[in-house]
Structures are given as structure tokens and as C-alpha cells.
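Q: Residue numbers (full-length UniProt numbering): 1 to 343.
The structure follows.
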């Protein structure tokens, strides 16, 4: 018997409660393109978390959520400041450049985060027609290293954005894991710190597909229904995205799933610390572990459970936990690692 993979929380299946919601939504006919009761119910749920003066739009995937939310805040002569590890820079191919026409100005990061002083140093040549004009600061919460920005760090970034009249975008593909890590409600580290537009993830926390774009600065949403259509993210049977969010946001399912994933990462962290030759490279804030593995173990470990090599040169790997990861999965993986490291 093999363990589940530790490759990505995208590898996990659909949470049973989300699947049940999909089945319930699959009864009879319902209005298309969001003209259905499920979509209105989901929008109301988002408003209960973020406040009534927001706008919410559902899209099919995370790339669409990030690219289109950024499109609402930029013109093609603008630049977007982000981490060099940001999904918009690394894992979304050239979609941002193609559809936005904007320059990505990246900041090297050691822990996944970018900081206010680093950001301010990248805001240059304001009003110079020969230079791209900075317009958006984009961060990931939690980050690509599974670290989590503190509320104070976010406030500092927001202050820079306000000082230079920039918009503040948050890629929240793992926002539920961040909320659990911070022990804070969603609004406390988004709306309340000055985030303008948020990509709110569902797929990595038990949904089959679907993300939400939450405009906390509602003026950015003025023409978004046209942008979403032009960007090929207007889902005709939108009830099947909305019904999943209804399940995820109801009865704290989002919190239960993210808490479990985070707790499994902590359990894995503790187990790895007891293995000679393993070196953790990042603080474990959310549901990911980054570690340098002992020489000669990676190939055999991947036969037990697939995971990604983050840095081949240093043998650093990424191990992700999901809502369905179990202690037994971790124990089997750790036992295999122990076998490989015994002298």
C-alpha cells in the first residue's frame, strides 16, 4: 500500500460535502451565467465574511482569477510588483504578460514574502514616459513557500501602496490555510489592511474547480463582467461553482479542511525533525513543508509518495498536505525515510 501523494493539495479529490453540494445542484434546470439561486446565495455568503460593499465574481481557475483581477486594476503601460516566486511570474506561464501587457517587476525572496522597504525600492521613475508605471503590488497569502504574512506586514505593504497610489492584490489560492495560521477572519487580513482585490481559492481546499474574485475596492469591479467574458472565464453553468462555495463557506468547512491540512504539515514537520540529515528550510506556517533531504533518498521516497523537487541542486523538496492527508500517510512516508537513512 502506498501513501497519498505529497505533491500538491491540487492532487486531492473533492471533499465529500462539496461533492454532495454538486449533486444537489445537479437537479432540474437553473438559470445560466449566474442567474441562479446558488450564485446569489454564494455571493451573500462572501458578503457575510467581507462586508456588504463588495463585488464577487466566480471564475473557473486560479490563473483566470489572478490575471483578470489584475486586468481590472491595470493598463498595458503599467507594471506589477511581486515576488520572484509568485504564481503570476512562475507558474502561470506567460498568461499575465499576454493578457495584461504589463511588466512584472520581481523581488527576490528567501521566505516567499516581499517586504515594504523592498517594494518601495522598486517604485521608480514615476511619470517618466520611458518607464513602466507601477500600479499594483501583488502578493500570495499563504506564499509559495507556505509562509504566511502577518497582519502587521500586510499593513506595512498597504501603506506603501497608498503612498504611491497603487492597488494591492492578494493571490489567495490558499487563503483558508492562511486564515487558520493567523487565527483571524478573512476580513482582518484583507479588507481591514487595505487589500483592493482578492483571488479567493477553492480548488486547493476541497473544491473540484472554481475560484472567486472578491473586489474589496468595488470601483475596480465597474466593468468586470465584460472583462470576465472577454477573458473566457464566464462559466455558463455557474451554479456548479457557486454550489461548491456554498458548501465550503457553510458551517466552517473551509476552516475544518484547512486546519486539518495545516495540522498534518505540523505533524510531518515534527516527524522530519527526528530524521538525521533532514534540514527544514522554511518556517511551517501553513500546509507545506520545504526540506533538504538526505543524499540518495529522494528517488526511492518518490516511489512511496510523489512530491516535487523544489531545488535539484540542493535536494530541497516540497511536501504538501491536504484536507484528506492522514497521520497514517505520513507515518508510512516517514518509516520509508527512516529505512533509507539507517546505517
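Don't be surprised by glycine CBs; every beta carbon is placed ideally from N, CA and C.
It should be emphasised that the depicted structure is a prediction, and the values quoted were computed from it without experimental measurement.
Taking Cβ to Cβ, would you say residue 299 is nearer than 9 Å to residue 336?
A: No.
Q: When the Cβ atoms of the segment 31–39 are set against those of the segment 254–273, are three or more pairs found closer than 8 Å?
A: No, they do not touch.
Q: Report buried or exposed for residue 174, applying the criterion of at least 16 other Cβ atoms within 10 angstroms of its Cβ.
A: Buried.
Q: By alpha-carbon positions, which one of 295, 313, 311 and 329 ends up nearest to residue 305?
A: If we check each option's Cα against that of residue 305, 329 comes out closest.
Q: How far does the beta strand (DSSP E) with residue 134 in it extend, from its first residue to its last?
A: Unbroken beta strand (DSSP E) run through residue 134: 133–140.
Q: My guess is that residue 197 and residue 151 are in contact by the Cβ rule of under 8 Å, so how many angstroms apart are they, rounded?
A: 18 Å between Cβ atoms; not a contact.
Q: Does DSSP put residue 62 in a helix, in a strand, or in coil?
A: It is helical.
Q: For the beta strand (DSSP E) that residue 311 lies in, which residues bound it at each end?
A: From DSSP, the beta strand (DSSP E) with residue 311 extends over 308–311.
Q: Under DSSP, the beta strand (DSSP E) around residue 169 begins and ends at which residues?
A: Taken as a continuous stretch (DSSP letters only), the beta strand (DSSP E) holding residue 169 covers 167–172.
Q: In terms of residues, what are the limits of the alpha helix (DSSP H) holding residue 21?
A: First-last of the alpha helix (DSSP H) with residue 21: 16–25.
Q: Could you round the C-beta distance between residue 107 and residue 216 to whole angstroms and report it? I think they count as a contact, below 8 Å.
A: The pair is not a contact, with the Cβ atoms about 23 Å apart (cut-off 8 Å).
Q: On a Cα-Cα basis, can you pick out the residue from 93, 143, 342 and 281 that is closest to residue 315?
A: Comparing Cα positions, the closest option is 281.
Q: According to DSSP, which residues form a beta bridge with residue 193?
A: Paired residues: none, contrary to the question.
Q: Please work out which residues of its chain come closer than 6 Å, Cβ to Cβ, to residue 39, disregarding the five sequence neighbours upstream and downstream, and give them in chain order.
A: Within the same chain, residue 39 has close Cβ partners 238 and 242.
Q: In whole angstroms, what is the alpha-carbon distance linking residue 426 and residue 89?
A: Here the chain covers residues 1 to 343 and nothing more, so residue 426 does not appear.
Q: Please classify residue 163 as buried or exposed, where buried requires at least 16 neighbouring CB atoms within 10 angstroms.
A: Under this definition residue 163 is an exposed residue.
Q: Quick check: the Cα distance between residue 149 and residue 16, rounded to an integer number of angstroms?
A: Rounded to whole angstroms, residue 149 to residue 16 spans 31 Å at the Cα level.
Q: Let me know the alpha helix (DSSP H) ranges lying completely inside the segment 192–249, each 4 residues or longer, listed in chain order.
A: Entirely contained in the segment 192–249, the alpha helix (DSSP H) runs reaching 4 residues are, in chain order, 224–230 and 239–249.
Q: Below 8 Å CB to CB, which residues in the same chain sit around residue 170 once its five sequence neighbours on both sides are set aside?
A: So the list reads 138, 139, 140, 141, 190, 195, 197, 198 and 199, once near-sequence residues are dropped.
Q: State the DSSP-derived secondary structure class of residue 291, mapped to helix, strand or coil.
A: Three-state result, residue 291: strand.
Q: Considering residue 80, what are the terminal residues of the beta strand (DSSP E) in which it resides?
A: Note, residue 80: beta strand (DSSP E), 78–83.
Q: Have a look at residue 289 and residue 146 and give me their C-alpha separation to the nearest angstrom.
A: If I take the Cα positions, the gap works out to 7 Å.
Q: For residue 254, is the beta carbon positioned less than 8 Å from some heavy atom of the ligand HEM?
A: Questions concerning the ligand HEM fall outside what the structure shown contains, since it holds no ligand whatsoever.
Q: Counting Cβ pairs closer than 8 Å, one from the segment 48–63 and one from the segment 215–232, do we hit at least three?
A: The segment 48–63 vs the segment 215–232: in contact.
Q: Identify whether residue 279 lies in helix, strand or coil by the three-state DSSP scheme.
A: Note: residue 279 maps to strand in three-state DSSP.
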